[in-house]
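Below: the structure, in structure tokens.
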Amino acid sequence: MRTAHLAWERHGDEPGLLLLHGFSDSGACWQPVLPGLTAHAGAVTLDARGHGSSGLPDEPTGTAANAADAALVLDELGGRPMVVIGHSMGALAAAALAAARPDLVRALVLEDPPGPHHTLAADGMPSWLAELQALDLDARIAKGRADNPGWPDTEYEPWAVSKGEFDPRYYDLPYVPGPSLVDSLAKTACPTLLLYGEVARGGLLAPSDADDCADAAGGLFLTERVAQAGHCVRRDAPEAFLAAIGRFLSDLREGVDRG
Numbered sequence: 460m461r462t463a464h465l466a467w468e469r470h471g472d473e474p475g476l477l478l479l480h481g482f483s484d485s486g487a488c489w490q491p492v493l494p495g496l497t498a499h500a501g502a503v504t505l506d507a508r509g510h511g512s513s514g515l516p517d518e519p520t521g522t523a524a525n526a527a528d529a530a531l532v533l534d535e536l537g538g539r540p541m542v543v544i545g546h547s548m549g550a551l552a553a554a555a556l557a558a559a560r561p562d563l564v565r566a567l568v569l570e571d572p573p574g575p576h577h578t579l580a581a582d583g584m585p586s587w588l589a590e591l592q593a594l595d596l597d598a599r600i601a602k603g604r605a606d607n608p609g610w611p612d613t614e615y616e617p618w619a620v621s622k623g624e625f626d627p628r629y630y631d632l633p634y635v636p637g638p639s640l641v642d643s644l645a646k647t648a649c650p651t652l653l654l655y656g657e658v659a660r661g662g663l664l665a666p667s668d669a670d671d672c673a674d675a676a677g678g679l680f681l682t683e684r685v686a687q688a689g690h691c692v693r694r695d696a697p698e699a700f701l702a703a704i705g706r707f708l709s710d711l712r713e714g715v716d717r718g
């Protein structure tokens, strides 16, 4: 499906989940955990601008633009509020969406977002991404497997494909930083689950950062640190990731306050 410059897909029954991926990934990178998520509700996966099959308009990029893109798709779907699950860059967009358009967000799940005051300023394409784009698909898959040997086998191909799809023109466009995670959370009132890993394994949040997020949040805020996981919690610990989200969604349905 397409809405303006955006590519997105529906999975399962009536959508109740919107999935926003991290930087250099794509909506297809949610495929390995989709069966576990769609057991609870239908889902929509969205390719961020310049990622996957989405286009890249000649206008500024950044968190606010990604949040506005997500709102565009949700409005296209009828404006029904959804549980928005975001990883990293997508987590910042999810929180910004909840702050700007609370009518569209029933609840948030934030998977290891950047630090609470980080605004993802972009100075140029990271060397690691440029190196991956210089490889063919098989070599990218092999690189992903070598660097992340603990991931489920189903993760490597969508991850590798997404790196080749990323549009390097992204770095030719102006970047508008912010809002930061704490700024967005201070303006939200919906239930929020923060899932994060261990800094020693590449996670972006320390427990003190999670505390800062909880202090800033305007609504029910739950945190869960996932042992043996780094920045990509769902790839490093998919069972724990799905179990945590399952509990959160069950509590939402039953109106349970675990705070």
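Using this note's numbering, the letters of the sequence shown map in sequence onto residues 460 to 718. The C-beta atom is built at its ideal place from N, Cα and C for all residues, glycine as well. All values derive from a computational prediction rather than experimental measurement.
Can you tell me whether residue i is buried or exposed? The criterion is at least 16 other CB atoms within 10 Å of its CB, across all chains shown.
i	result
Gly475	buried
Pro575	buried
Glu518	exposed
Leu591	buried
Ala648	exposed
Ser586	exposed
Gly718	Low confidence applies to Gly718: its pLDDT is 49, below 50, so where it sits in the model is not reliable, and the reading given next is rough at best. Looking at its Cβ environment, which holds fewer than 16 other Cβ atoms inside 10 Å, Gly718 is exposed.
Glu698	exposed
Asp668	buried
Gly670	Position check: residue 670 holds Asp in this sequence, whereas Gly was assumed. By the 10 Å Cβ count, Asp670 comes out exposed.
Leu664	buried
Out of the options, which has the shortest C-alpha to C-alpha gap to residue i?
i	options	result
Glu614	Cys691, Glu473 and Asp582	Cys691
Val685	Gly678, Lys646 and Arg694	Arg694
Ala500	Glu713, Thr647 and Leu708	Leu708
Arg706	Ser547, Thr462 and Leu652	Leu652
Leu531	Ala702, His464 and Trp618	His464
Ala619	Leu478, Ser485 and Gly471	Ser485
Leu654	Leu551, Leu477, Leu681 and Pro617	Leu681
Glu616	His480, Glu473, Cys488 and Thr462	Cys488
Pro638	Ile544, Ala554, Gly471 and Leu596	Ala554
Asn607	Asp670, Gln687 and Asp534	Gln687
Asp472	Ala702, Ala502 and Leu679	Ala502
Ile544	Asp562, Leu556, Arg604 and Ile600	Leu556
Just curious, the beta strand (DSSP E) that residue i is in, first and last residue?
i	result
Leu477	Pro474 to Leu479
Arg684	Phe680 to Arg684
Trp467	Leu465 to His470
Leu640	Here Leu640 belongs to no beta strand (DSSP E); instead the alpha helix (DSSP H) covers Leu640 to Leu644.
Thr522	Looking at the DSSP string, Thr522 is not in any beta strand (DSSP E); the run it does join, the alpha helix (DSSP H), is Thr522 to Glu535.
Check for me: the alpha helix (DSSP H) holding residue i runs from which residue to which?
i	result
Ala507	Neither: Ala507 is in no alpha helix (DSSP H) and is coded neither H nor E.
Ala559	Met548 to Ala559
Tyr615	Tyr615 to Glu624
Arg565	That residue, Arg565, is in no alpha helix (DSSP H); its beta strand (DSSP E) goes Val564 to Glu570.
Leu596	Leu596 to Asp606
Going along the chain, which residues of its own chain have a beta-carbon closer than 7 Å to the beta-carbon of residue i, five neighbours each way excluded?
i	result
Tyr629	Gly509, Leu515 and Thr520
Gly633	According to the sequence shown, residue 633 is Pro rather than Gly. The residues are Pro519.
Ala661	Looking at the sequence provided, one finds Gly at residue 661 rather than Ala. Counting only Cβ-Cβ distances below 7 Å, and skipping sequence neighbours, we find Gly689 and His690.
Among residues of its own chain, excluding the 5 on either side of residue i, which ones have a beta-carbon nearer than 6 Å to its beta-carbon?
i	result
Ala675	Val641, Leu644 and Ala645
Thr504	Glu468, Leu478, Gly486 and Trp489
Glu683	Leu654 and Ala703
Arg560	Ala530
Keeping to the same chain, check which residues put their C-beta closer than 8 Å to that of residue i; ignore five residues upstream and five downstream.
i	result
Met460	Ala466, Trp467, Glu468 and Arg469
Leu588	Ser483, Lys622 and Phe625
Leu711	Val542, Arg565, Ala566 and Pro650
Lys602	Leu591, Leu594 and Ala619
Task: Contact the stretch 524-533 vs the stretch 489-502: 3+ CB pairs below 8 Å - done: no
Open item on the list: Three or more C-beta pairs under 8 Å: does that hold for the stretch 564-573 against the stretch 533-546?
Closed with: yes
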